[in-house]
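A.B. asks: Heads up: the sequence shown is residues 1 to 285, going by UniProt numbering.
Every residue gets a Cβ at the ideal spot worked out from N, C-alpha and C, and that includes glycine.
Below you'll find the structure I mean.
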Amino acid sequence: SQPRLGELTISHITPSSVQLEWSVPKGTFDSFTLQYRDVQGQPHALRVDGGSRTVTVPGLLPSHRYKFNLYGMWGRKRLGPISTDAVTGMWMDEQGDVSALHRVLSFAALVKSEVEPPSQPYLGELTASHVTRDSVQLEWSVPKGKFDSFKVQYKDEQDQLQVLPVDGDSRTVTVPGLLPSHHYKFNLYGMWGQKRLGPISTDTVTGESSCMLYLCLLQAQAEEEPPSQPRLGELTASHITPDSVQLEWSVPEGTFDSFTVQYKDAQGQPQVLPVDGGSRTVTVP
């Protein structure tokens, strides 16, 4: 069943960072994405793995208010957000003089880009470092400079564009929820201020599913000894939630290579859900 986000809280604050914690009262997420805006109003996205419940956001300005939004990634769905606000702390010198040092540091941070504008970074090469039947791990290089964040774009099997945000310090990301034996093209963009640089691209084909290998074995066996025709039993809805239905069915005789569940969504569009031949239950999300 669909997981659920709990509460997002601030567990620790310094003049330049905020540590966030959150709860997941129900289920598990594949990953999380934390979004916020910097002092120039530019959006930032920080990706966190699904087993984590805390993250530290570095590189913030002292005495500045930030709003943080946390999304949970579950399959191809983005759930949430849950949100919280925080004000970073103030710098103090040895005599406890807050205002003078704070004004100097804040002013220096705001005008640094005007005094010493950083040179434009550039992207290196994008490669598929690890491929399974339902996921691809991508790696890339940044030979020069630093990006604020990255975006991975690709099209799914319905030709719909998918976008995966990645924080600027990362050089690898895993794209989950892919189809077996399917060709994908991945484009990586680097976000630098208000500019989107790139893309760099790579192509890959996901691995063959165990179900497909099983069907090949069945086909070879069928040539030697043709089996008797199997028979479907009864289809029932065993569990229903507001956004999913769990189906169960029986096979009184024989075995099937696979099953196909067909239904129409809320827009009247037909949907097809493949199920391997050994299963007797499936959840329609």
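How long is the line joining the alpha carbons of S113 and T9, rounded to whole angstroms?
C.D. replies: Confidence is the limiting factor: at S113 the pLDDT is only 46, short of 50, which leaves the residue's position unreliable and the question unanswerable from this model.
A.B. asks: What's the gap between the Cα of G278 and the Cα of V55?
C.D. replies: Distance between the alpha carbons of G278 and V55: 40 Å.
A.B. asks: On the CB-based measure, 16 or more other CB atoms within 10 Å of its CB, does A100 come out buried or exposed?
C.D. replies: With a pLDDT of only 47 at A100, under the threshold of 50, the placement of this residue in the model should not be trusted; the figure read from the coordinates follows. Exposed is the call here.
A.B. asks: For Q194 versus Q35, is the C-beta distance shorter than 9 Å?
C.D. replies: Result no, Cβ atoms of Q194 and Q35 do not sit closer than 9 Å.
A.B. asks: With a CB to CB cut of under 8 Å and the five nearest residues on each side skipped, what residues in its chain are close to E7?
C.D. replies: Closer than 8 Å at Cβ, skipping near neighbours: W22, S23, I82.
A.B. asks: Output the boundary residues of the beta strand (DSSP E) element that contains Q137.
C.D. replies: Note, Q137: beta strand (DSSP E), 136–140.
A.B. asks: Would you check if the segment 228–235 and the segment 253–264 touch, i.e. whether three or more CB-CB distances between them fall below 8 Å?
C.D. replies: Because the criterion of three Cβ pairs below 8 Å is met, the segment 253–264 and the segment 228–235 touch.
A.B. asks: What's the call for V115, buried or exposed, on a 16-neighbour Cβ count within 10 Å?
C.D. replies: Caution is warranted here: a pLDDT of 46 is assigned to V115, below 50, making its placement in the model unreliable, and the coordinate value is therefore given only provisionally. V115 is exposed by the Cβ-count criterion.
A.B. asks: Please go through the same chain and pick out, in chain order, the residues whose beta-carbon is closer than 7 Å to the beta-carbon of S135, but skip the five residues on each side of it.
C.D. replies: Only T174, V175, P176, L178 meet the Cβ criterion.
A.B. asks: Quick one, which of M73, W192, P180 has its alpha-carbon nearest residue 293's?
C.D. replies: Lying before the first or after the last residue shown, residue 293 is absent from the chain, which here runs from 1 to 285.
A.B. asks: Pull up the distance between the alpha-carbon of Q95 and that of G124, whole angstroms please.
C.D. replies: Note that Q95 scores a pLDDT of 48, beneath 50, so its modelled location is shaky; the value from the coordinates is reported in the next line. Their backbone Cα atoms lie some 47 Å apart in a straight line.
A.B. asks: Figure out for me which residue from L70, S201, D159, R196 has the closest Cα to the Cα of T127.
C.D. replies: Checked all of L70, S201, D159, R196; the closest Cα to T127 is S201.
A.B. asks: V205 lies in the beta strand (DSSP E); which residues open and close that run?
C.D. replies: Where V205 is concerned, the enclosing beta strand (DSSP E) stretches over 195–205.
A.B. asks: Please list, in chain order, all residues of the same chain as G27 whose beta carbon is under 6 Å from its beta carbon, the five residues on each side excluded.
C.D. replies: The residues are P3.
A.B. asks: Curious, which full-length alpha helix (DSSP H) runs of at least 4 residues does the UniProt domain "Fibronectin type-III" (4–95) contain?
C.D. replies: As far as the UniProt domain "Fibronectin type-III" (4–95) is concerned, it has no whole alpha helix (DSSP H) run of at least 4 residues.
A.B. asks: Along the beta strand (DSSP E) that carries F259, what are the first and last residues, could you check?
C.D. replies: Looking at the DSSP string, the run of the beta strand (DSSP E) that includes F259 is 258–264.
A.B. asks: In whole angstroms, what separates the C-alpha of V142 from that of Y122?
C.D. replies: Looking at the two C-alpha atoms, the distance is approximately 6 Å.
A.B. asks: Does the beta-carbon of Q120 have 16 or more other beta-carbons within 10 angstroms, so that it is buried, or is it exposed?
C.D. replies: Q120 comes out exposed.
A.B. asks: By Cβ distance below 6 Å, which residues in the same chain neighbour Q162 in space, the five residues on each side in sequence not counted?
C.D. replies: Y154, D156.
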